[in-house]
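Chemist:
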Amino acid sequence: MKSSVFVKAGLALAISVTLIGCGGSGGESGESASDSPATAPLQVDPKNYGGTPVSVRKTSDFEVASAAYSDTLEMQDWLADVEYQLEQYRYGGGYGDTTAEHCLEENGNLFIKEQSSDTREYIKYEFIDCLVPGYDEPLWVNGTYVYDETSNTDGTHFQSKETFDIRGKFEIDNRPLAIVGSMNSDASFPDENNATFSLSSPAMEYLIGDQYLALQGMRMRGAEKDELFTIDMQAKLISSDMGGYLNLSTPTALEELEYEDCPRKGHVVVSGDGKIEARYGASTGRGHGIEILLNGSEVEYADSCDVGFAGEGAGGSSSTPVANENGVGAAVGNSGSENSVSPDESSASEPV
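Take 5 as the starting number for the sequence shown in the working numbering and just add one per residue.
1. Could you compute how far the alpha carbon of Lys128 sits from the alpha carbon of Lys117?
2. Please report the residue range of the beta strand (DSSP E) in which Arg283 lies.
3. Kindly indicate the opening and closing residues of the beta strand (DSSP E) around Pro180.
4. Can you tell me whether Tyr151 sits near the ligand ADP, meaning its C-beta is under 8 Å from at least one heavy atom of the ligand?
5. With a Cβ-Cβ cutoff of 9 Å, do Gly247 and Thr56 count as a contact?
6. Are the beta-carbon atoms belonging to Glu153 and Met187 less than 9 Å from one another?
7. Just list the residues that DSSP pairs Asn251 with in beta bridges.
8. CB-CB under 7 Å to Pro41, same chain, minus the five flanking residues each way: which ones, in chain order?
9. Tell me, to the nearest whole angstrom, how far the beta carbon of Tyr216 is from that of Pro50; I am working on the premise that it is less than 8 Å.
10. How would you call Gly112, buried or exposed, if buried means at least 16 neighbouring beta carbons within 10 angstroms?
11. Nearest by alpha-carbon distance to Asp277: which of Asp214, Leu252, Phe162, Asn156 is it?
12. According to DSSP, is Asp245 helix, strand or coil?
13. At what residues does the beta strand (DSSP E) containing Cys107 begin and finish?
14. In whole angstroms, what separates the C-alpha of Met208 from that of Tyr284?
15. When we look at the beta-carbon of Lys240 and count the other beta-carbons within 10 Å, is it buried (16 or more) or exposed?
16. Out of Glu125, Phe131, Val272, Gln119, state which residue places its alpha-carbon closest to the alpha-carbon of Glu110.
17. Rounding to the nearest angstrom, what Cα-Cα distance links Val58 and Ser189 in this structure?
18. Quick one: residues in its chain with C-beta nearer than 6 Å to the C-beta of Ala257, no 5 flanking neighbours on either side, listed in chain order?
19. Does the segment 129-149 come within contact of the segment 85-97, defined as at least 3 CB pairs closer than 8 Å?
20. Taking only three categories from DSSP, how would you classify Leu46?
21. I need the straight-line Cα distance from Ser287 to Val274, nearest angstrom please.
22. Rank Leu219, Leu261, Arg268, Leu232 by C-alpha distance to the C-alpha of Ser244 and give the top, closest one.
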C-alpha cells in the first residue's frame, strides 16, 4: 500500500522535537496569522486528551514526552505489519486459508482504485467490514485510505496528500482501532546540495485499544543548503501516555552546520501547564552553547550540546537537547537512545 515517507518522518520528527523542548507559545516568532497551520477538530480523542495540558513544572516532567515517542514507533511498526499482510494477498503472495470475510477484491469487500502517469500517482482503498487476511489477531476494518501524489517531469518536486478514515476493532476483546486525519507534504530536490520539505496536518489521530496519539495543527518545514540545515515547526502533540497535550513550536528556526556539534542558533519551546525552552548559539543570552529555561527562568547552561542535564525533583534527568547530522533534534536521556527520521529515508514499508 503506497504511503508517503513524510507521514512517518513527520510523526518521528515532531515527537523528537518534543523531546528537545520544542513547542508552546510566546517568544520572538514573528509569525503572522496567515502563517499558522490549518487546524481541524479531533474526531477520535477518547478522553478529551486534547483539552488537558500536560504538567510542565520541573525539567524531569520532560520525560513524559519520551513515552509518546516510544508509542509512536510501536504504532508505526504495528501498522506496517498490517499493511504487509494486505499487500501479500493483493499481489498474490498470500499464505494460509482465506474466507469470504477477508479483505480481498475478489470477495467484494475491498475496492482499490488506481490512476498513474509520469507526474501523478493516485490510489484509493475502501474497506467494507472485512477481516485483515493473515494477521495473527482477527482485525475487522471499515473505511478509506487515499494517497494522491503529483510531481514534475524531472522528479525534483513532489507534492502529496494522504487522507485516512479507517475504523475497526480487534475481534477477541473488541479493542477499537481508528486512523483518522490527513497529512500533506511538499518536497523539492533541485540538486544534490539543496533540498526543502514541508509537512502539514490539520489533524492526524491514531487509536489502537486504549493507546491514543494525535498531531493537530501541525506544520514543519526544513531545508538543506550545502552544509547548512534548518528546521522549524509548530504543532499540538496529544498522547494518552502523557495524559494530555503539549504545544510545540520553534520561535526561532534551528540552524546547524553539518560538522558542528551544536546549532548556531535556534529557540525551541514545549508548553502545557507550564513551559520549558531550549535556546542555542546566537539565540542564547551568551551567544553560544545551550541554555534551558523553565517557566522563564534559566535552570541549566552548557557551552556544548553534547552534555546531560540533571532533572529537577525526583532525581530524574531530562532529555539532552542535541542535534543530529541532519540538523534535526534528537533526545538522549532516560529514553536511552537517539531517535530521528530523515525526510529522505526510504519508504519501503510505510504504514497504512
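The beta carbon of each residue, even a glycine, is placed where N, CA and C say it ideally should be.
Modeler: Based on what the coordinates show:
1. 5 Å
2. 278-285
3. 180-195
4. Ligands displayed in this structure: none; no statement on the ligand ADP is therefore possible.
5. yes
6. no
7. Ser275
8. Ser204, Gly221, Met222, Arg223, Gln238
9. 6 Å
10. exposed
11. Leu252
12. coil
13. Neither: Cys107 is in no beta strand (DSSP E) and is coded neither H nor E.
14. 30 Å
15. buried
16. Phe131
17. 29 Å
18. Thr234, Asp236
19. yes
20. coil
21. 16 Å
22. Leu219
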